[in-house]
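Novice:
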Amino acid sequence: MPKAWSMFCDCPELAVDVARSAGRIGLSLEPAVHDRPWEAAIDALDRGDLAGVAVETPLSADAVVRLAEAMRARKQRIPVAVIGPQPLGLLHDLGLPAVDETGPLVAVGALLELDTERPWAATTKELPAVDRVRLGESVSHRSDGRFVRVEDGLIAHEADGGPRRPIGSPRDVAAALRALRASQDPSRPKVPVVQGVEADAVLDVILGPKRALSDPASKAALGPYDVPLPLEELCATPSRAASEAARIGFPVRVALASPDLRLWDHPDLAAEVYSAGQARDAFRQIMAMAKNRSPDARLLGVTVSASTMARTLLRVRMEPLAAGPVLAEIGFADPHGRASGDTTRTVLPATAKALERVLLRLRGSSLLLSGTPQERTQAVSAIGDVLMRLAAFVHQWRDQIEAVEVNPLAILVGGDLEVREACVTVGDAFSRSLNASG
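Residue numbers (numbering that gives the first Met the number 0): 0 to 437.
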(Lines of atoms letter the chains of each structure in order from A and count residues from 1; the text may use other names and numbers.)
(Lines give C-alpha, C1' and ligand atoms only; values in the text may rest on other atoms or scores of the structure.)
Protein backbone atom coordinates (compact mmCIF):
# COMPACT_ATOMS: atom_id res chain seq x y z
CA MET A 1 0.00 0.00 0.00
CA PRO A 2 1.41 3.44 -0.93
CA LYS A 3 2.68 5.61 1.90
CA ALA A 4 0.21 8.31 2.98
CA TRP A 5 0.83 11.91 2.00
CA SER A 6 1.38 14.37 4.86
CA MET A 7 -0.40 17.52 3.70
CA PHE A 8 0.35 20.57 5.83
CA CYS A 9 -2.20 23.40 5.80
CA ASP A 10 -2.35 26.84 7.41
CA CYS A 11 -6.03 26.68 8.42
CA PRO A 12 -8.51 23.96 9.50
CA GLU A 13 -10.95 24.67 6.66
CA LEU A 14 -8.27 23.97 4.08
CA ALA A 15 -7.32 20.73 5.82
CA VAL A 16 -10.95 19.59 5.58
CA ASP A 17 -11.10 20.48 1.88
CA VAL A 18 -7.87 18.60 1.16
CA ALA A 19 -9.12 15.51 3.01
CA ARG A 20 -12.43 15.63 1.13
CA SER A 21 -10.71 15.94 -2.25
CA ALA A 22 -8.33 13.08 -1.42
CA GLY A 23 -11.18 10.87 -0.26
CA ARG A 24 -13.00 11.36 -3.55
CA ILE A 25 -10.15 9.71 -5.50
CA GLY A 26 -9.01 7.30 -2.79
CA LEU A 27 -5.66 9.00 -2.21
CA SER A 28 -4.08 8.10 1.13
CA LEU A 29 -3.54 11.46 2.81
CA GLU A 30 -3.22 12.83 6.34
CA PRO A 31 -3.89 16.58 6.65
CA ALA A 32 -2.41 18.62 9.47
CA VAL A 33 -2.65 22.28 10.46
CA HIS A 34 0.55 24.25 11.17
CA ASP A 35 1.40 27.92 11.61
CA ARG A 36 4.35 27.46 9.21
CA PRO A 37 3.31 24.54 7.00
CA TRP A 38 6.33 24.81 4.69
CA GLU A 39 8.67 24.14 7.62
CA ALA A 40 6.56 21.15 8.68
CA ALA A 41 6.72 19.83 5.11
CA ILE A 42 10.52 20.11 5.05
CA ASP A 43 10.73 18.26 8.39
CA ALA A 44 8.46 15.53 7.03
CA LEU A 45 10.64 15.22 3.94
CA ASP A 46 13.68 14.78 6.20
CA ARG A 47 11.87 11.85 7.82
CA GLY A 48 11.33 10.25 4.43
CA ASP A 49 7.61 11.06 4.23
CA LEU A 50 5.64 12.24 1.22
CA ALA A 51 4.80 15.86 1.94
CA GLY A 52 2.77 18.67 0.44
CA VAL A 53 1.63 22.17 1.37
CA ALA A 54 -1.74 23.91 1.09
CA VAL A 55 -2.03 27.54 2.18
CA GLU A 56 -4.60 30.29 1.85
CA THR A 57 -2.02 33.08 2.34
CA PRO A 58 0.80 33.70 -0.16
CA LEU A 59 4.15 32.06 0.49
CA SER A 60 7.17 34.30 0.88
CA ALA A 61 9.93 33.97 -1.69
CA ASP A 62 12.31 32.67 0.98
CA ALA A 63 9.81 29.96 1.98
CA VAL A 64 9.42 28.93 -1.66
CA VAL A 65 13.21 28.70 -2.13
CA ARG A 66 13.57 26.61 1.04
CA LEU A 67 10.89 24.19 -0.14
CA ALA A 68 12.54 23.90 -3.54
CA GLU A 69 15.99 23.25 -2.11
CA ALA A 70 14.61 20.60 0.25
CA MET A 71 12.84 18.99 -2.70
CA ARG A 72 16.04 18.85 -4.77
CA ALA A 73 18.12 17.55 -1.87
CA ARG A 74 15.68 14.67 -1.16
CA LYS A 75 14.77 14.09 -4.83
CA GLN A 76 11.08 14.15 -3.89
CA ARG A 77 8.55 16.50 -5.49
CA ILE A 78 6.44 18.65 -3.13
CA PRO A 79 2.96 19.52 -4.40
CA VAL A 80 1.83 22.98 -3.32
CA ALA A 81 -1.56 24.70 -3.41
CA VAL A 82 -1.80 28.45 -2.86
CA ILE A 83 -5.45 29.40 -2.64
CA GLY A 84 -4.78 33.12 -2.19
CA PRO A 85 -3.88 35.59 -4.94
CA GLN A 86 -0.30 34.54 -5.66
CA PRO A 87 1.09 34.00 -9.18
CA LEU A 88 2.54 30.51 -9.41
CA GLY A 89 5.33 31.20 -11.90
CA LEU A 90 8.03 31.56 -9.24
CA LEU A 91 7.10 28.19 -7.72
CA HIS A 92 7.12 26.51 -11.14
CA ASP A 93 10.52 28.04 -11.94
CA LEU A 94 11.90 26.39 -8.80
CA GLY A 95 10.44 22.99 -9.68
CA LEU A 96 7.44 23.02 -7.35
CA PRO A 97 4.24 21.64 -8.97
CA ALA A 98 2.00 24.42 -7.68
CA VAL A 99 -1.74 24.82 -8.22
CA ASP A 100 -4.44 27.13 -6.90
CA GLU A 101 -7.01 24.68 -5.49
CA THR A 102 -7.22 21.50 -3.43
CA GLY A 103 -8.65 19.32 -6.22
CA PRO A 104 -5.64 19.85 -8.50
CA LEU A 105 -3.35 19.49 -5.45
CA VAL A 106 -4.46 15.92 -4.70
CA ALA A 107 -4.43 15.19 -8.44
CA VAL A 108 -0.74 16.17 -8.47
CA GLY A 109 -0.17 13.79 -5.56
CA ALA A 110 -1.95 10.97 -7.39
CA LEU A 111 0.07 11.59 -10.57
CA LEU A 112 3.33 11.61 -8.61
CA GLU A 113 2.42 8.23 -7.12
CA LEU A 114 2.38 6.78 -10.64
CA ASP A 115 6.18 7.13 -10.56
CA THR A 116 6.07 8.14 -14.22
CA GLU A 117 8.58 10.71 -15.43
CA ARG A 118 6.11 12.33 -17.83
CA PRO A 119 2.51 11.61 -16.78
CA TRP A 120 1.27 14.04 -19.45
CA ALA A 121 2.55 11.62 -22.12
CA ALA A 122 -0.41 9.28 -21.56
CA THR A 123 -2.81 8.93 -24.47
CA THR A 124 -6.32 10.39 -24.22
CA LYS A 125 -7.90 8.55 -27.14
CA GLU A 126 -10.19 6.54 -24.85
CA LEU A 127 -11.63 9.66 -23.22
CA PRO A 128 -14.87 11.26 -24.39
CA ALA A 129 -14.33 14.18 -26.76
CA VAL A 130 -15.41 16.71 -24.13
CA ASP A 131 -12.75 15.45 -21.71
CA ARG A 132 -10.06 15.65 -24.38
CA VAL A 133 -11.05 19.28 -24.88
CA ARG A 134 -10.83 19.90 -21.13
CA LEU A 135 -7.36 18.41 -20.91
CA GLY A 136 -6.37 20.37 -24.01
CA GLU A 137 -2.64 21.08 -24.18
CA SER A 138 -2.00 19.50 -20.79
CA VAL A 139 -1.23 16.18 -22.48
CA SER A 140 0.99 15.28 -25.41
CA HIS A 141 -1.15 12.38 -26.69
CA ARG A 142 1.74 9.93 -26.72
CA SER A 143 1.61 6.39 -25.40
CA ASP A 144 2.82 6.27 -21.80
CA GLY A 145 -0.24 4.62 -20.31
CA ARG A 146 -3.67 6.08 -20.94
CA PHE A 147 -6.27 8.25 -19.33
CA VAL A 148 -9.75 6.74 -19.04
CA ARG A 149 -13.10 7.89 -17.69
CA VAL A 150 -14.34 6.10 -14.56
CA GLU A 151 -17.33 6.43 -12.26
CA ASP A 152 -18.31 9.68 -10.55
CA GLY A 153 -17.07 11.74 -13.51
CA LEU A 154 -13.40 11.11 -12.67
CA ILE A 155 -10.42 10.52 -14.91
CA ALA A 156 -8.10 7.65 -14.04
CA HIS A 157 -4.68 6.60 -15.31
CA GLU A 158 -4.18 3.05 -16.53
CA ALA A 159 -0.74 1.65 -17.28
CA ASP A 160 -0.33 -1.38 -19.52
CA GLY A 161 -1.50 -4.36 -17.49
CA GLY A 162 -1.91 -2.25 -14.35
CA PRO A 163 -4.90 -1.12 -12.29
CA ARG A 164 -6.83 2.06 -12.90
CA ARG A 165 -5.72 4.84 -10.55
CA PRO A 166 -8.28 7.65 -10.10
CA ILE A 167 -6.66 11.08 -10.52
CA GLY A 168 -9.51 13.61 -10.32
CA SER A 169 -12.08 15.52 -12.31
CA PRO A 170 -11.09 16.50 -15.87
CA ARG A 171 -10.39 20.11 -14.87
CA ASP A 172 -8.39 19.05 -11.81
CA VAL A 173 -6.33 16.63 -13.89
CA ALA A 174 -5.69 19.31 -16.53
CA ALA A 175 -4.49 21.79 -13.87
CA ALA A 176 -2.28 19.15 -12.24
CA LEU A 177 -0.68 18.17 -15.55
CA ARG A 178 -0.03 21.82 -16.42
CA ALA A 179 1.69 22.30 -13.06
CA LEU A 180 3.86 19.23 -13.52
CA ARG A 181 4.89 20.26 -17.03
CA ALA A 182 5.60 23.85 -15.98
CA SER A 183 7.82 22.70 -13.11
CA GLN A 184 9.76 19.95 -14.88
CA ASP A 185 13.02 21.93 -15.30
CA PRO A 186 14.12 23.32 -11.91
CA SER A 187 17.84 23.42 -12.74
CA ARG A 188 19.70 26.59 -11.76
CA PRO A 189 23.19 27.58 -12.87
CA LYS A 190 25.70 29.03 -10.46
CA VAL A 191 25.61 32.73 -9.67
CA PRO A 192 27.63 34.47 -12.40
CA VAL A 193 30.81 36.32 -11.51
CA VAL A 194 31.73 39.42 -13.50
CA GLN A 195 35.47 39.51 -13.98
CA GLY A 196 37.54 42.64 -13.41
CA VAL A 197 35.23 44.36 -10.92
CA GLU A 198 37.12 46.67 -8.58
CA ALA A 199 35.36 46.00 -5.30
CA ASP A 200 36.85 49.07 -3.60
CA ALA A 201 35.38 51.35 -6.26
CA VAL A 202 31.91 49.89 -5.72
CA LEU A 203 32.26 50.01 -1.94
CA ASP A 204 33.23 53.69 -2.08
CA VAL A 205 29.80 54.36 -3.62
CA ILE A 206 27.58 52.17 -1.45
CA LEU A 207 29.39 52.52 1.89
CA GLY A 208 27.37 54.47 4.42
CA PRO A 209 24.05 54.52 6.24
CA LYS A 210 20.78 53.04 5.05
CA ARG A 211 19.58 55.10 2.08
CA ALA A 212 18.47 55.11 -1.55
CA LEU A 213 21.23 56.18 -3.91
CA SER A 214 20.59 58.72 -6.63
CA ASP A 215 20.50 57.61 -10.25
CA PRO A 216 24.10 58.80 -10.95
CA ALA A 217 25.42 57.10 -7.80
CA SER A 218 23.49 53.90 -8.55
CA LYS A 219 24.91 53.80 -12.06
CA ALA A 220 28.39 54.40 -10.66
CA ALA A 221 27.95 51.29 -8.50
CA LEU A 222 26.56 49.21 -11.37
CA GLY A 223 29.04 50.44 -13.99
CA PRO A 224 31.87 48.03 -13.08
CA TYR A 225 29.49 45.15 -13.88
CA ASP A 226 29.27 46.31 -17.51
CA VAL A 227 25.54 46.89 -17.50
CA PRO A 228 24.57 48.94 -20.58
CA LEU A 229 24.56 52.57 -19.43
CA PRO A 230 23.72 55.55 -21.65
CA LEU A 231 26.22 58.23 -22.58
CA GLU A 232 25.34 60.91 -20.02
CA GLU A 233 26.69 63.60 -17.73
CA LEU A 234 25.52 65.02 -14.41
CA CYS A 235 25.11 68.79 -14.68
CA ALA A 236 24.59 71.20 -11.78
CA THR A 237 24.05 74.41 -13.78
CA PRO A 238 22.09 75.45 -16.89
CA SER A 239 25.29 76.38 -18.77
CA ARG A 240 26.87 72.99 -18.01
CA ALA A 241 23.72 71.26 -19.25
CA ALA A 242 23.89 73.25 -22.50
CA SER A 243 27.59 72.53 -23.09
CA GLU A 244 27.28 68.81 -22.36
CA ALA A 245 24.22 68.59 -24.61
CA ALA A 246 26.23 70.13 -27.44
CA ARG A 247 29.13 67.75 -26.79
CA ILE A 248 26.92 64.65 -26.74
CA GLY A 249 24.96 65.73 -29.81
CA PHE A 250 21.33 66.71 -30.24
CA PRO A 251 18.72 65.56 -29.56
CA VAL A 252 19.42 64.79 -25.91
CA ARG A 253 17.38 63.77 -22.90
CA VAL A 254 17.47 66.03 -19.84
CA ALA A 255 16.24 64.41 -16.61
CA LEU A 256 16.21 65.30 -12.93
CA ALA A 257 18.93 63.76 -10.75
CA SER A 258 17.67 63.28 -7.21
CA PRO A 259 17.71 60.46 -4.65
CA ASP A 260 14.27 61.59 -3.46
CA LEU A 261 12.30 62.19 -6.68
CA ARG A 262 12.31 59.27 -9.09
CA LEU A 263 11.41 59.54 -12.76
CA TRP A 264 9.19 56.47 -12.56
CA ASP A 265 7.05 58.40 -10.08
CA HIS A 266 7.40 61.80 -11.81
CA PRO A 267 7.94 61.26 -15.55
CA ASP A 268 7.35 64.96 -16.28
CA LEU A 269 10.78 65.71 -14.75
CA ALA A 270 12.47 64.77 -18.03
CA ALA A 271 12.44 66.28 -21.51
CA GLU A 272 13.76 65.79 -25.04
CA VAL A 273 15.69 68.87 -26.22
CA TYR A 274 17.14 69.85 -29.57
CA SER A 275 19.37 72.87 -28.87
CA ALA A 276 21.61 74.44 -26.24
CA GLY A 277 18.97 77.04 -25.46
CA GLN A 278 16.36 74.35 -24.89
CA ALA A 279 18.80 72.51 -22.63
CA ARG A 280 19.20 75.60 -20.42
CA ASP A 281 15.43 76.12 -20.34
CA ALA A 282 14.83 72.44 -19.55
CA PHE A 283 17.29 72.60 -16.64
CA ARG A 284 15.51 75.61 -15.10
CA GLN A 285 12.02 74.22 -15.64
CA ILE A 286 12.81 70.75 -14.30
CA MET A 287 14.54 72.13 -11.20
CA ALA A 288 11.67 74.56 -10.55
CA MET A 289 9.05 71.82 -10.86
CA ALA A 290 11.04 69.55 -8.56
CA LYS A 291 11.40 72.23 -5.87
CA ASN A 292 7.71 73.03 -6.13
CA ARG A 293 6.79 69.36 -5.90
CA SER A 294 9.02 68.59 -2.91
CA PRO A 295 10.74 71.57 -1.23
CA ASP A 296 12.82 69.29 1.00
CA ALA A 297 13.99 66.95 -1.76
CA ARG A 298 17.71 66.69 -2.44
CA LEU A 299 18.36 67.95 -5.97
CA LEU A 300 21.71 67.15 -7.58
CA GLY A 301 20.93 68.81 -10.88
CA VAL A 302 20.07 67.05 -14.13
CA THR A 303 21.57 64.31 -16.24
CA VAL A 304 22.05 65.00 -19.93
CA SER A 305 22.13 61.83 -22.03
CA ALA A 306 22.04 60.82 -25.66
CA SER A 307 18.48 60.46 -26.91
CA THR A 308 17.69 56.90 -28.01
CA MET A 309 14.52 55.32 -29.38
CA ALA A 310 13.02 52.54 -27.25
CA ARG A 311 10.90 49.75 -28.66
CA THR A 312 9.60 48.89 -25.20
CA LEU A 313 10.39 49.65 -21.56
CA LEU A 314 10.85 47.17 -18.72
CA ARG A 315 10.94 47.56 -14.96
CA VAL A 316 13.31 45.25 -13.10
CA ARG A 317 13.62 44.99 -9.33
CA MET A 318 16.00 42.59 -7.57
CA GLU A 319 16.67 41.75 -3.95
CA PRO A 320 18.84 39.10 -2.29
CA LEU A 321 17.04 36.22 -0.61
CA ALA A 322 18.28 34.80 2.67
CA ALA A 323 18.13 31.31 1.14
CA GLY A 324 20.74 32.23 -1.49
CA PRO A 325 19.40 33.23 -4.92
CA VAL A 326 18.27 36.64 -6.11
CA LEU A 327 14.56 37.41 -6.40
CA ALA A 328 13.73 39.31 -9.58
CA GLU A 329 10.48 41.06 -10.46
CA ILE A 330 10.15 41.88 -14.15
CA GLY A 331 7.37 43.88 -15.76
CA PHE A 332 6.55 46.53 -18.30
CA ALA A 333 7.32 50.14 -17.37
CA ASP A 334 5.08 51.86 -19.91
CA PRO A 335 1.80 53.38 -18.63
CA HIS A 336 -0.34 50.53 -19.97
CA GLY A 337 1.94 47.87 -18.48
CA ARG A 338 1.97 49.60 -15.09
CA ALA A 339 -1.81 50.02 -15.08
CA SER A 340 -2.43 46.38 -15.99
CA GLY A 341 0.12 45.03 -13.51
CA ASP A 342 1.87 43.03 -16.22
CA THR A 343 4.67 41.63 -14.06
CA THR A 344 6.14 38.29 -13.10
CA ARG A 345 8.68 37.03 -10.58
CA THR A 346 11.49 34.52 -10.77
CA VAL A 347 14.82 33.74 -9.14
CA LEU A 348 18.22 34.29 -10.68
CA PRO A 349 20.50 32.95 -11.95
CA ALA A 350 18.48 31.04 -14.54
CA THR A 351 19.14 29.25 -17.79
CA ALA A 352 18.22 30.90 -21.09
CA LYS A 353 15.40 28.40 -21.54
CA ALA A 354 14.00 29.19 -18.10
CA LEU A 355 14.30 32.92 -18.69
CA GLU A 356 12.37 32.63 -21.94
CA ARG A 357 9.54 30.90 -20.06
CA VAL A 358 9.58 33.73 -17.52
CA LEU A 359 9.30 36.41 -20.23
CA LEU A 360 6.51 34.48 -21.96
CA ARG A 361 4.43 34.79 -18.78
CA LEU A 362 4.15 38.53 -19.45
CA ARG A 363 0.98 39.34 -21.36
CA GLY A 364 2.98 41.74 -23.52
CA SER A 365 5.72 39.21 -24.23
CA SER A 366 5.24 39.63 -27.99
CA LEU A 367 6.82 43.08 -27.63
CA LEU A 368 9.98 41.39 -26.39
CA LEU A 369 10.08 38.09 -28.25
CA SER A 370 8.75 38.84 -31.71
CA GLY A 371 10.37 38.07 -35.05
CA THR A 372 12.20 34.97 -36.25
CA PRO A 373 13.41 32.22 -33.89
CA GLN A 374 16.93 33.62 -34.23
CA GLU A 375 15.75 37.12 -33.31
CA ARG A 376 13.85 35.67 -30.36
CA THR A 377 16.95 33.84 -29.15
CA GLN A 378 19.02 37.01 -29.49
CA ALA A 379 16.42 38.99 -27.51
CA VAL A 380 16.41 36.45 -24.67
CA SER A 381 20.22 36.44 -24.67
CA ALA A 382 20.46 40.25 -24.54
CA ILE A 383 17.88 40.62 -21.76
CA GLY A 384 19.38 37.67 -19.89
CA ASP A 385 22.87 39.17 -20.03
CA VAL A 386 21.71 42.38 -18.35
CA LEU A 387 19.67 40.49 -15.75
CA MET A 388 22.60 38.23 -14.87
CA ARG A 389 24.94 41.21 -14.46
CA LEU A 390 22.45 42.89 -12.15
CA ALA A 391 22.04 39.62 -10.24
CA ALA A 392 25.82 39.31 -9.91
CA PHE A 393 25.94 42.78 -8.35
CA VAL A 394 23.09 41.99 -5.94
CA HIS A 395 24.63 38.67 -4.95
CA GLN A 396 28.12 40.05 -4.36
CA TRP A 397 26.85 42.93 -2.21
CA ARG A 398 23.93 41.12 -0.55
CA ASP A 399 25.21 42.07 2.91
CA GLN A 400 25.34 45.77 2.05
CA ILE A 401 22.27 46.39 -0.12
CA GLU A 402 18.56 45.68 0.11
CA ALA A 403 17.48 46.01 -3.51
CA VAL A 404 18.25 47.31 -6.99
CA GLU A 405 15.60 48.78 -9.25
CA VAL A 406 16.06 49.62 -12.92
CA ASN A 407 13.11 51.57 -14.27
CA PRO A 408 13.13 51.73 -17.13
CA LEU A 409 15.36 49.19 -18.77
CA ALA A 410 14.90 50.28 -22.37
CA ILE A 411 14.82 47.75 -25.20
CA LEU A 412 16.03 49.88 -28.08
CA VAL A 413 15.14 49.69 -31.73
CA GLY A 414 17.83 47.41 -33.09
CA GLY A 415 17.91 45.12 -30.03
CA ASP A 416 20.37 46.89 -27.71
CA LEU A 417 19.44 47.58 -24.08
CA GLU A 418 19.95 50.67 -21.93
CA VAL A 419 19.62 51.29 -18.19
CA ARG A 420 17.94 54.69 -18.18
CA GLU A 421 17.17 55.05 -14.47
CA ALA A 422 18.55 53.00 -11.58
CA CYS A 423 18.22 52.98 -7.80
CA VAL A 424 20.38 50.99 -5.40
CA THR A 425 18.90 50.80 -1.90
CA VAL A 426 21.66 50.46 0.68
CA GLY A 427 20.91 48.52 3.86
CA ASP A 428 21.94 49.15 7.44
CA ALA A 429 25.08 46.98 7.49
CA PHE A 430 27.32 50.04 7.96
CA SER A 431 25.27 51.34 10.91
CA ARG A 432 25.20 47.90 12.51
CA SER A 433 28.98 47.58 12.19
CA LEU A 434 29.44 50.97 13.87
CA ASN A 435 27.11 49.98 16.71
CA ALA A 436 28.92 46.67 17.15
CA SER A 437 32.34 48.33 17.27
CA GLY A 438 31.11 51.01 19.67
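Where a beta carbon is used, it is the ideal one built from N, C-alpha and C, also for glycine.
Kindly list the residues whose CB is nearer than 8 Å to the CB of H33, restricted to its own chain and excluding five residues on each side of it in sequence; keep chain order.
Specialist: F7, C8, D9 and A39
Novice: Check F330 in the structure and name its three-state DSSP category.
Specialist: For the sequence presented, residue 330 should be read as Gly rather than Phe. It is a strand residue.
Novice: Between D427 and L202, what straight-line distance do the alpha-carbon atoms span, to the nearest angstrom?
Specialist: So the two alpha carbons sit approximately 14 Å from each other.
Novice: Quick check on E38: does DSSP put it in helix, strand or coil?
Specialist: helix
Novice: Thinking L366 and R344 are a contact (beta carbons under 8 Å), I'd like their distance in whole angstroms, please.
Specialist: Contact flag wrong, Cβ pair sits at about 19 Å.
Novice: Determine the burial state of V226: buried for a count of at least 16 other Cβ atoms within 10 Å of its Cβ, exposed for fewer.
Specialist: Buried, by the Cβ-count rule.
Novice: What separation, rounded to the nearest whole angstrom, lies between the Cα atoms of V64 and S242?
Specialist: Approximately 51 Å between the Cα atoms of the pair.
Novice: Count Cβ pairs between the segment 216 to 235 and the segment 148 to 155 that sit closer than 8 Å; are there 3 or more?
Specialist: no
Novice: Does the beta-carbon distance from R246 to E271 come in below 8 Å?
Specialist: no
Novice: Under 6 Å Cβ to Cβ from D130, same chain only, skipping five residues before and after it: list those, please.
Specialist: P169
Novice: Straight-line CA distance for V52 to G25?
Specialist: 19 Å
Novice: Between L361 and D341, how many whole angstroms is the CB-CB distance? I'm expecting something under 8 Å.
Specialist: 6 Å
Novice: Tell me the rounded alpha-carbon separation between L416 and V81.
Specialist: 36 Å
Novice: Identify the continuous beta strand (DSSP E) that holds H156 and give its terminal residues.
Specialist: First-last of the beta strand (DSSP E) with H156: I154 to E157.
Novice: Can the beta-carbon of A421 be found closer than 8 Å to that of G383?
Specialist: no
Novice: Could you check if E12 is buried or exposed, using at least 16 other CB atoms within 10 Å of its CB as the buried criterion?
Specialist: Residue burial annotation: E12 is exposed, with fewer than 16 other C-beta atoms found within 10 angstroms of its C-beta.
Novice: If V405 sits next to R310, beta carbons under 8 Å apart, how far is it from one beta carbon to the other, in whole angstroms?
Specialist: 16 Å between Cβ atoms; not a contact.
Novice: How many angstroms separate the CA atom of A338 from the CA atom of G144?
Specialist: 46 Å
Novice: Quick check on the burial criterion: 16 or more other C-beta atoms within 10 angstroms. Buried or exposed for L260?
Specialist: buried
Novice: If you draw a straight line from the C-alpha of R23 to the C-alpha of L90, how long is it?
Specialist: 27 Å
Novice: Going by C-alpha to C-alpha distance, which of E374, L179 and G161 sits closest to P78?
Specialist: P78 has its Cα closest to that of L179, out of E374, L179 and G161.
Novice: Anyone know if the C-beta pair for G88 and M70 falls short of 8 Å?
Specialist: no
Novice: Below 6 Å CB to CB, which residues in the same chain sit around H265 once its five sequence neighbours on both sides are set aside?
Specialist: Around H265: no qualifying Cβ.
Novice: Please identify the residue among V17, Q373 and F331 whose C-alpha is closest to the C-alpha of D171.
Specialist: When each option's Cα is compared against that of D171, the closest is V17.
Novice: Would Y273 be called buried (16 or more neighbouring beta carbons within 10 Å of its own) or exposed?
Specialist: exposed
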